[in-house]
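Protein chains in written order, with full-length UniProt numbering: chain B, 1 to 322; chain U, 1 to 268.
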């Protein structure tokens, strides 16, 4: 049964929830007896189906942050571009930010639509070896709002993992919304029978960000998701005219460096603010191609190398299942 | 605790949601600064922080992690000063460990927000600002459902200038239209950075998106707030920017926006 069946009431807690059939909102629902009997709470068969489907994906990387607006989507997109610059690698980027899907714009794919075939949904290809999937491709207008409660968002994420024809991939990168809620629990749950290399955590230098990011790190620890490392974005701004540096988002409590020292996590790099990054994202271009010599691009390349090294050193999907 | 939804909001004159489809544009910062500006103008203000996963407001107002008490009418909000001119409720106050993640699915978030809206003894307020997380999901629906019996004056939407941001805010505008929330106006944050060394203006997060969005959607443009390291530092340290930097361009922008907002609320 779907997480939120078509005939379910508005506040349906989800058929797999502990409250299934027992919540006050279940009164009068035709599925109430079935849900209350526990039949819908059996281990979700989708987990095994997803494991099967993603058995051809060598490395999976989640991009997380407790905080919004720190550059998760920007980073995910550029990580995808960087990994795909090796034409022998197959790379895919999955956007599970259901309410605020930024990836289509950042990848220059606005207006593209998803096609269905016998083997499932086809992702949208940026290049021969770089595929993208986002709810943005399922919306008909840029004004369409996805006003969904948790259970329905979970159902969409399940479909993305199970029903998209990803094919054989070297890397699957998953871009997430901010927070520690349905989307995050679902992605971890649905990937629980697969090998996930780990999470890259994005932050900016201020305590206002770090206080949310520490929660995300706790979340990773709770669900036993390895952390590949932390990226500090918006790390200082060099004025193009006078070349002086300003700390627009000041690291009042020591920034990511101090947090990583406190929590014994690798700091993968500190990316400076560069107005050309925002412009590239708005125009759907790769900043790494547009301004390859900028300090920010150099830091990105170092970070990507660290992530590749982590993935090579820690085994693949095939190795973990043999 | 059984009492009408309106009981604790009966003496709240105006309720304003602070929304954005996009994360990290400065909703909490703008909520805090609007609250301080309105207080500066002699108003009694409350802030309800319904960002359960990332509650930023307590730090921005330097209230620490006080215990939250109950009275006959419900939870007593936390006041930032002895004069009780600024009241606050946030899940941040209910967590013993500030690093502990709130890993809740939608239904549980919906239930707590219901309590936050109905069971906080706000008392007399001129304006209650509701700070929200990014998106158009459980938290936003929960707030509106629980405010149904009380009037919601409307929402201010915060964006940064870039298309990646306005792209999400367009969806939030659709959310408002679909749920019958009046759009009081759009605020563009991080609107240019003036180098303190040489005064060169850099458009770090692009330019012009807020005004274009207002034109595109027929909404009022309330104003732009520049990127200001003094504001970021103030927010970090929980200081009152409005009191500390009255001569800054940022102060003028915030004051003008709060005055426009207040006129809008009083005219309706």
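Beta carbons: idealized from backbone N, C-alpha and C, even for Gly. Remember, it's a predicted structure, so these values are computed and weren't measured experimentally.
In the same chain as residue 162 of chain U, and ignoring 5 residues on each side of it, the C-beta atoms closer than 8 Å to its own belong to 205, 206 and 209, in chain order.
In the displayed model, residue 157 of chain B falls within a helix according to three-state DSSP. Around the beta carbon of residue 180 of chain U, a 10 Å sphere encloses fewer than 16 other beta carbons of the protein chains shown; the residue is thus reported as exposed. Between residue 70 of chain B and residue 168 of chain B, the CB-CB gap reaches or exceeds 9 Å. A Cβ-Cβ contact shorter than 9 Å links residue 87 of chain B with residue 128 of chain B. For the C-beta of residue 104 of chain U, the chain B residues within less than 7 Å are, from N- to C-terminus, 181.
Taking 8 Å as the upper bound for CB-CB distance, residue 223 of chain B and residue 270 of chain B are not in contact here, some 27 Å apart.
Taken in chain order, the unbroken stretches of alpha helix (DSSP H) that lie wholly in the region 181-232 of chain B and span 4 residues or more are 182-190 and 207-222. Residue pairing for residue 193 of chain U: DSSP places it in a beta bridge opposite U/202 and U/227. Taken atom to atom, the span from the alpha-carbon of residue 52 of chain B to that of residue 159 of chain B is near 14 Å. Annotated three-state conformation of residue 159 of chain U is strand, per DSSP.
Annotation: Cβ neighbours of residue 25 of chain U in chain B (cutoff 7 Å, chain order): 69.
A straight-line Cα-Cα distance of about 10 Å links residue 74 of chain U and residue 7 of chain U. In the structure shown, residue 188 of chain U adopts extended strand secondary structure according to DSSP, grouped into three states. Under the three-state reduction of DSSP output, residue 53 of chain B falls in the helix class. When the alpha-carbon of residue 175 of chain B is set against those of B/120, B/187 and B/31, the nearest one is in B/187. With at least 16 other beta carbons inside 10 angstroms of its own, residue 26 of chain B counts as buried. Counting the other CB atoms within 10 Å of its CB gives residue 30 of chain B a total below 16, which places it among the exposed residues. In this structure, the alpha-carbon of residue 21 of chain U lies about 8 Å from that of residue 173 of chain U. About 19 Å separates the beta carbons of residue 102 of chain B and residue 213 of chain B, which is beyond the 8 Å limit, so they are not a contact pair. For residue 93 of chain U, none of the residues of chain B pass the 7 Å Cβ criterion, the least Cβ distance being about 14 Å. The beta carbons of residue 16 of chain U and residue 261 of chain U sit closer together than 9 Å. Look at the beta carbons and you see the region 45-55 of chain U touching the region 128-145 of chain U: at least three pairs across the two are nearer than 8 Å. Within the region 193-218 of chain U, the residues whose Cβ lies closer than 7 Å to any Cβ of chain B are, in chain order, 193, 195, 196, 197, 198, 200, 202, 203, 204, 205 and 206. A direct Cα-to-Cα measurement between residue 4 of chain B and residue 98 of chain B gives close to 16 Å. The region 225-243 of chain B makes contact with the region 188-198 of chain B: 3 or more CB pairs, one atom from each, lie closer than 8 Å.
DSSP places residue 34 of chain B inside the alpha helix (DSSP H), whose first and last residues are 32-36. The beta-carbon of residue 175 of chain U is placed less than 9 Å from the nearest beta-carbon of chain B. Not a single CB atom of chain U sits nearer than 9 Å to the CB of residue 129 of chain B. Of the candidates B/9, B/38 and B/75, the residue whose Cα lies closest to the Cα of residue 303 of chain B is B/75.
The region 202-222 of chain B makes contact with the region 91-105 of chain U; the number of CB pairs closer than 8 Å reaches 3 or more. Within the region 236-253 of chain B, the residues whose Cβ lies closer than 7 Å to some Cβ of chain U are 237, 239, 240, 241, 242, 244, 246, 247, 248, 249, 250 and 252, listed in chain order. Among the bridge pairs identified by DSSP, residue 19 of chain B is matched with none.
In this structure, B/153 is the residue among B/125, B/134, B/172 and B/153 with its C-alpha nearest to the C-alpha of residue 106 of chain U. Neighbours of residue 141 of chain U in chain B, taken as residues at a C-beta separation under 8 Å, are given in chain order as 147 and 149. In this structure, residue 152 of chain U lies away from residue 113 of chain U, with their beta-carbon atoms at least 9 Å apart.
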